[in-house]
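For reference, the structure discussed in these notes is given below.
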Amino acid sequence: MSMTYRTRRRLQKLGITALVILVVLLIAWFCSVIWLQRYVVYDKNGATVDFELGDAGFAGVVATPPQAQGGVSIFYNEGSDAIEISKDLTPINGYYVDYNMLLKNMDAVEANLKLIPSGTPVMIELKGGYGRFYYSTKISGAGTSESLEKSIGISRVDEFIQKLKTKGCYLIAKVSAFQDWEYGNANVTNGLYMTSGAGLWMDDEGCFWLDPASAGVQSWVTSAVLELKNMGFHEVMLSNFRFPNSDGYVYSGDKTEALQNAMQNLLTSTSSDSGTFTLSFGTNDPTLRLIEGARSRIYFEGIDAANVETTVSQSTVEDKASQIVFLATTNDTRFDSYSVLRPLTAAETLEAQKADING
24 MSMTYRTRRR LQKLGITALV ILVVLLIAWF CSVIWLQRYV VYDKNGATVD FELGDAGFAG
84 VVATPPQAQG GVSIFYNEGS DAIEISKDLT PINGYYVDYN MLLKNMDAVE ANLKLIPSGT
144 PVMIELKGGY GRFYYSTKIS GAGTSESLEK SIGISRVDEF IQKLKTKGCY LIAKVSAFQD
204 WEYGNANVTN GLYMTSGAGL WMDDEGCFWL DPASAGVQSW VTSAVLELKN MGFHEVMLSN
264 FRFPNSDGYV YSGDKTEALQ NAMQNLLTST SSDSGTFTLS FGTNDPTLRL IEGARSRIYF
324 EGIDAANVET TVSQSTVEDK ASQIVFLATT NDTRFDSYSV LRPLTAAETL EAQKADING
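What follows is the structure, encoded as structure tokens:
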């Protein structure tokens, strides 16, 4: 059957229109896949799409891969003088400020700072498990917390650090070591993988964990420690200095050896010629061993007062009064045989009790 010229023209136009629509749909599909990547979450069950991520310190921000070495060299211990041990540690009794206090109780934190004596040890959390920093960091590839910026402003944390210096406090910075969503997301080869191999293993908080044996990870942690040291902090405590307690990830190496080597490398790469800087480690494992003779402490979080002595008895540190620090939420006196830090928001009550005892 013959087709008229007009019919052929109509069919050509319909074909061209259909082709244009198909191309537009393909472009739209491709763009939607790229957009959805920010909501892809890897967990032990595989990859899923979660539109409820919200502002968890990283939402809506494309991770910028930090430089693998960050311009920081990792030195290895080669002799008894590689770690500075010229000054002894002493027990500490003071306060801590965590992320939630910065976010929700900054007015109370600053009010209580006025009540504590000069020289009091104060630890402030400056990097959490999502990998965002809580102060104006200058580290290449690092980002600050959007939640904190929206709530009080990062500059207010900077100002609070300056107030601690002016007060003459013993400054301790708390930095998450191996729990780090940002670095893991940007450097997947340096993280802990799910046993299925589908992607990086994620904990219940939605955070990735890093391989302590990775030179890139150690350099990344070192860069944070050195920046804080140069800012005037007397001590940096690396929290989450451990492997997560789960069978959902695979690790072929010796975990104890990996932590010990990482500890040694971090101590030597951040050592102080003056012998006044302290690098410490936070864990929930009382059997974590410090490097013999090193200027460092072990910090324990979430330990009930009834388990203080059991935790201490399992630890191998040399000077238990000075090198074991409990982060306590109560004023239970069973913590006081060792170093202890309590919430700065409770300083008004605690300082009043001290005055009653001493007066």
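Using my numbering, the first residue of the sequence shown is number 24, and each one after it goes up by one. Every residue gets a Cβ at the ideal spot worked out from N, C-alpha and C, and that includes glycine. Note that the structure is predicted; figures quoted are calculated from it, not measured.
For residue i, collect the residues of the same chain with a Cβ closer than 6 Å to its Cβ; drop the 5 residues on either side in sequence, then sort them by chain order.
i    : result
Y193 : P144 and H257
F266 : K278
D226 : P267
G94  : Residue confidence is low: G94 scores 42 on pLDDT, short of 50, so the model does not pin down where it sits. Its coordinate-derived value is still stated next. Cβ neighbours of G94 beyond the five flanking positions: none.
F300 : K252
A247 : V198
S109 : With a pLDDT of 42 at S109, under the threshold of 50, the modelled position of this residue cannot be trusted, and the question is left open.
I115 : P144 and S362
S360 : none
D203 : G154 and L233
What's the call for residue i, buried or exposed, on a 16-neighbour Cβ count within 10 Å?
i    : result
R29  : exposed
N210 : buried
G102 : Only weak support exists for where G102 lies, its pLDDT of 35 falling under 50; the value from the coordinates is given anyway. Exposed.
N330 : exposed
L49  : exposed
S269 : exposed
D111 : exposed
T27  : exposed
Q346 : buried
L251 : buried
A165 : buried
S262 : buried
R32  : exposed
L45  : exposed
Q185 : exposed
I321 : buried
A51  : exposed
T306 : buried
S237 : buried
E341 : exposed
T339 : exposed
E228 : exposed
I195 : buried
V348 : buried
G316 : exposed
Q241 : buried
V259 : buried
G220 : exposed
L136 : buried
W275 : At residue 275 the sequence reads Ser, which differs from the Trp that was named. Result: exposed.
T310 : exposed
F74  : In this predicted model, F74 has a pLDDT of only 49, less than 50, meaning its place in the structure is not dependable enough to derive any value.
G38  : exposed
Grab the span of the alpha helix (DSSP H) containing residue i for me, first residue to last.
i    : result
V198 : First-last for V198: Y193 to S199, but that is the beta strand (DSSP E), not the alpha helix (DSSP H).
L136 : M129 to L136
R179 : I177 to K190
L171 : E169 to S174
N208 : W204 to A209
Spatial neighbours of residue i within its chain, please: CB distance less than 8 Å, with the 5 preceding and 5 following residues excluded, ordered by chain position.
i    : result
M124 : A131, V132, P366, L367 and T368
L138 : A370, E371 and E374
I175 : L125, L126 and M129
K188 : L194 and G255
R357 : A328, A329, V331 and E332
For residue i, which residues of its own chain have a beta-carbon under 7 Å away from its beta-carbon, when the five flanking residues on both sides are left out?
i    : result
V273 : Y216 and T218
R179 : M129
S141 : K190 and G191
V244 : A200, L261 and L289
Y158 : L149, I177, V180, D181 and I184
A285 : P235, A236 and Q241
By the DSSP assignment, the beta strand (DSSP E) with residue i in it spans what residues?
i    : result
M260 : E258 to S262
K150 : P144 to K150
Y119 : N116 to V120
L350 : I347 to L350
P366 : S362 to P366
Check your understanding: Hey, is the stretch 284-299 in contact with the stretch 334-350, meaning 3+ C-beta pairs nearer than 8 Å?
Key -> no
Check your understanding: Does the stretch 323-332 come close enough to the stretch 344-355 that 3 or more CB-CB pairs lie under 8 Å?
Key -> yes
Exercise for review: Would you mind listing the alpha helix (DSSP H) stretches within the stretch 253-333 that are 4+ residues and don't spill past its ends, in chain order?
Suggested key: 278-292
Check your understanding: Counting Cβ pairs, one atom from each stretch, are 3 or more of them under 8 Å apart for the stretch 144-163 and the stretch 198-206?
Key -> yes
Exercise for review: State whether the stretch 114-128 contacts the stretch 169-184, with contact taken as three or more CB pairs (one from each stretch) at a distance under 8 Å.
Suggested key: With a cut-off of 8 Å, the stretch 169-184 and the stretch 114-128 count as touching, because enough Cβ pairs lie within range.
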